[in-house]
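A short worksheet on the structure shown next.
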Amino acid sequence: MRSHLPLNALRAFEAAARHLSFKAAAEELRVTPAAVSQQVKALETQMGVPLFIRMTRALQLTDAGREALPVISEGLDRLEAATARIKNHSEALSLTISVSPSFGAMWLVPRLERFYARHPEIDVRLDGTDRRVDVARGEADLAIRYGAGGYAGMRVDHLFDQRNTPVCSPDLLRDSAPLKDPKDLAHHTLLHVNWKDPQASWKMWLTAARVTGVDATRGPQFGQESMAVEAALEGQGVALLGDRLLADHLISGRLICPFGDDMRQSLDFAYYLLSREDSDGNASVAAFRDWLLEEAR
């Protein structure tokens, strides 16, 4: 009966038969050589036939052992494959995605409903963090990162580049000084984001735009883009932010680019989707990747 199959003993025999060594089998199975020997002896007793010829420093398979080895090996391989499929199926129903809080709140979360509509069987867990997450070691299934690229040892998919542009609430233009030319920024509060990309600062933008007479050091500092966005929406000043993250606010008119598209500054950093190199076999990872790349396009 299957309920009486001595699986541990079969594993011990199969490993010992492949290596012709109880010691090597023990190292593979992470048990002691004595435990392997006892398991094999119990199997021989249950089967009523010897499987090994035990010599002083070596093992030799009996005819019964040689006949049994390929069949048992195949059976254990199939059991392992079936177990892996069950595990993958369970994991495939959920995805852990590491994403910066601002990117998650401003760009990803507003679009997730479309992913759920397409894949209602997959649960997404968002880990909002800027800390480095080791996707290769399984700390997350996928990670979305803003950087210069060059992520070794992982599959890397480019999502989109970033262009920095000054933005503000349309109410700001009605209630304060004009903002028709970049030099008019001297009469407005600059909202700063502590970017890890040095190109993305107000100082760099003003230099590239050849604007003088504007103090690029003054104004509130924010640790997350989303905070600067809220300040801009409330009319507290002019923020320098990535146009892709602001797409929804710009389309709705809640934020405007007072100087037009010509004043958007391209950056070397971009957004990337990171996953394990062998993640193609995970159907949920592949589904999310395909959907995200489609959204990015």
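Under the numbering used here, the first residue of the sequence shown carries the number 108, and numbering increases by one thereafter.
Backbone N, C-alpha and C fix where the C-beta goes; we use that ideal spot for every residue, glycine too.
Residue 189 classed as buried or exposed, judged by whether at least 16 other C-beta atoms fall within 10 angstroms: exposed
Reduced DSSP category for residue 259 - H, G, I as helix; E, B as strand; rest coil: coil
The segment 149 to 157 / the segment 211 to 227 touching (three or more Cβ pairs under 8 Å): no
Check whether residue 274 and residue 339 have beta carbons under 8 Å apart: yes
CB contact flag (residue 297, residue 326, <8 Å): yes
CA-to-CA distance, residue 266 to residue 468, given in whole angstroms: No answer is possible for residue 468: the residues shown for the chain start at 108 and end at 404.
Span separating the alpha-carbon of residue 294 from that of residue 285: 8 Å
Neighbourhood of residue 346 by C-beta, 6 Å cutoff - its chain only, sequence neighbours within 5 removed: 274, 298, 335, 339
Rounded C-alpha distance that separates residue 181 from residue 390: 26 Å
Secondary structure of residue 200, DSSP reduced to three states: coil
Cβ neighbour criterion (16 or more within 10 Å) applied to residue 160: exposed
Whether residue 249 touches residue 202 by CB criterion (8 Å): yes
Beta-bridge partners of residue 271, as assigned by DSSP: 349, 372
Pairwise C-alpha distance: residue 291 and residue 314: 15 Å
Beta-carbon contacts of residue 124 that lie in its chain and below 7 Å, excluding the five residues immediately before and after: 168, 172, 176
Close-in-space but distant-in-sequence residues of the same chain around residue 300 (CB under 6 Å, 5 per side omitted): 329, 332, 335
Helix, strand or coil at residue 254 [DSSP, three-state]: strand
Inter-residue CB distance, residue 271 and residue 372 (contact presumed, cutoff 8 Å): 5 Å
Entirely enclosed beta strand (DSSP E) segments - the segment 274 to 346, minimum 3 residues: 297 to 300
Inter-residue Cα distance where the pair is residue 258 and residue 115: 42 Å
Status (buried if at least 16 other CB within 10 Å, exposed otherwise) for residue 165: exposed
Separation of residue 117 from residue 150, as counted between CA atoms: 7 Å
Residue 160, DSSP secondary structure in three states: strand
Cutoff 8 Å: residue 205 Cβ touching any chain D Cβ: The chain labelled as chain D is not found in the depicted structure, where only one protein chain is given.
Given residue 360 as reference, the closest of 279, 121, 132, 143 once Cα atoms are compared: 279
Backbone CA spacing between residue 312 and residue 378 [nearest angstrom]: 20 Å
Member of 352, 341, 187 whose CA lies at the smallest distance from the CA of residue 282: 341
Residue 138 - DSSP class collapsed to helix/strand/coil: coil
Simplified DSSP assignment, three categories, for residue 382: strand
Three-state secondary structure (DSSP) of residue 363: strand
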